Amino acid sequence: MVTGRIHSVETFGAVDGPGLRYIVFTQGCLLRCQFCHNPDTWKIGNGKEMTVHEIMNDVLDYLPFFEASGGGITVSGGEPLLQIDFLIELFKECKKHGIHTTIDSSGGPFNRRPQFIEKLDELLQYTDLILLDLKHIDSEKHKNLTGMTNEHILDFAHYLSENNVPVWIRHVLVPTISDFDSDLIRLADFIKTLNNVEKIEVLPYHKLGVYKWENLGLEYKLKDVEPPSNERVENAKRILNSALVN
Ligand code: SF4
803 MVTGRIHSVE TFGAVDGPGL RYIVFTQGCL LRCQFCHNPD TWKIGNGKEM
853 TVHEIMNDVL DYLPFFEASG GGITVSGGEP LLQIDFLIEL FKECKKHGIH
903 TTIDSSGGPF NRRPQFIEKL DELLQYTDLI LLDLKHIDSE KHKNLTGMTN
953 EHILDFAHYL SENNVPVWIR HVLVPTISDF DSDLIRLADF IKTLNNVEKI
1003 EVLPYHKLGV YKWENLGLEY KLKDVEPPSN ERVENAKRIL NSALVN
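When you read off a place in the sequence shown, starting at 1, and then add 802, the result is the number in the working numbering.
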């Protein structure tokens, strides 16, 4: 039986996809974003081992809320694609009950090796929406911010576009790091090359997870960075959303 390593669940999420959502936070991530508010999800192999059956038992209680709000299930993390076999089984079950399925991914594990693509294609058959986090358009700056370059993540965006998978792009706006007009314009230009983007969300950087870094004994490098002003958030929204205007 396939099991997942689960960090936690949230039963009435309202910001990770349409409507009210049951959010499953998976354990394990390949990135190390400096602004991460869930560093306790990083370590692969930690978390609670759960079966699809256990999760579905809980999820099914929320069917009326999904139906009333146009919601469903979102698997977030951590990085859900690290547990692709589990996701396939979970979403297959969700689809038996007509539940809308969403994955919130940073694309870290994406590669075009046949073994991965075969599983990804199967998963996408049961996936209604991907929330794709693009952390930075510039590969070097992406590496400084997350520990990884971004070529394979941009390739993941292209793969989803080639396969017409609906996507919402998300971009965390971090002053002094990802809030430069030149980078935002480059990101908008990249988004213009995709034909499957339904929505773009600008997520203002915040410090709500800093205490978790401290609890884990990790150094929080952005301690002197403050959240962006409303003006900068609106500016980023304007620039990025220009990619959706034909
Ligand atoms: S991809 Fe998400 S979970 Fe992973 S380090 Fe970045 S913000 Fe944290």
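Virtual Cβ for every residue (Gly too), placed ideally from N, Cα, C.
Small disclaimer: the values here were computed from a predicted structure and weren't measured.
1. Give the DSSP-derived three-state secondary structure of arginine 807 in the structure shown.
2. Could you give the first and the last residue of the continuous alpha helix (DSSP H) run that contains serine 941?
3. Would you give the residue range spanned by the alpha helix (DSSP H) that leucine 962 belongs to?
4. Taking the runs of the alpha helix (DSSP H) that are 4 residues or longer, which of them lie wholly in the region 868-955?
5. Over the uninterrupted beta strand (DSSP E) stretch that includes tyrosine 824, give me the two end residues.
6. Specify whether the region 823-841 and the region 875-884 touch according to this definition: at least 3 beta carbon pairs, one from each stretch, less than 8 Å apart.
7. Out of Lys1014, Arg807 and Gly830, point me to the one whose CA is closest to proline 911's CA.
8. Please report the straight-line C-alpha distance between glutamine 927 and valine 861, rounded to a whole angstrom.
9. Return yes when the Cβ of valine 974 is within less than 8 Å of the Cβ of alanine 1007, no when it is not.
10. Tell me the residue span of the alpha helix (DSSP H) that contains isoleucine 987.
11. Kindly examine the ligand SF4 and report whether one of its heavy atoms sits closer than 7 Å to the Cβ of asparagine 840.
12. Quick one: measure Cβ to Cβ for leucine 822 and phenylalanine 867, integer angstroms, because I've assumed they're closer than 8 Å.
13. Just to check my reading of the structure: leucine 1042 and valine 1004 have Cβ atoms closer than 8 Å, yes? What is that Cβ distance to the nearest angstrom?
14. When the distance is taken between beta carbons, is proline 841 closer than 8 Å to tryptophan 970?
15. Check valine 967 in the structure and name its three-state DSSP category.
16. Locate the beta strand (DSSP E) running through valine 1012, then write down its first and last residues.
17. Determine the burial state of threonine 843: buried for a count of at least 16 other Cβ atoms within 10 Å of its Cβ, exposed for fewer.
18. Among the residues of its own chain, which have a CB less than 6 Å from the CB of proline 1029, if the five just before and after it don't count?
19. At a cut of 8 Å, does the region 928-940 reach the region 901-909 through at least three beta carbon pairs?
20. Applying the criterion that 16 or more other CB atoms from any shown protein chain within 10 Å of the CB defines a buried residue, is alanine 816 buried or exposed?
21. Would you call the region 933-940 and the region 951-964 touching, i.e. three or more CB-CB distances under 8 Å?
22. Inspect the beta-carbon positions of glutamine 885 and glycine 819 and report whether they are closer than 8 Å.
23. Just verifying my parser: in three-state terms, what is the DSSP assignment at histidine 833?
24. Helix or strand or just coil, what does DSSP make of isoleucine 846?
25. Can you tell me which residues form a DSSP beta bridge with threonine 853?
To lay it out plainly:
1. strand
2. 941-948
3. 953-964
4. 886-898, 916-927 and 941-948
5. 823-828
6. yes
7. Gly830
8. 20 Å
9. Note on residue identity: the sequence assigns tyrosine, not alanine, to residue 1007. Going by C-beta atoms, tyrosine 1007 is nearer than 8 Å to valine 974.
10. 983-994
11. Under cutoff, so the answer is yes.
12. Contact flag correct, Cβ pair sits at about 5 Å.
13. 6 Å
14. no
15. coil
16. Note, valine 1012: premise wrong, no beta strand (DSSP E); alpha helix (DSSP H) at 1012-1017.
17. By the 10 Å Cβ count, threonine 843 comes out buried.
18. Pro1006, Tyr1007 and His1008
19. yes
20. exposed
21. yes
22. no
23. The sequence given here places leucine at residue 833; histidine does not occur at that position. Coil, per DSSP.
24. coil
25. Thr805
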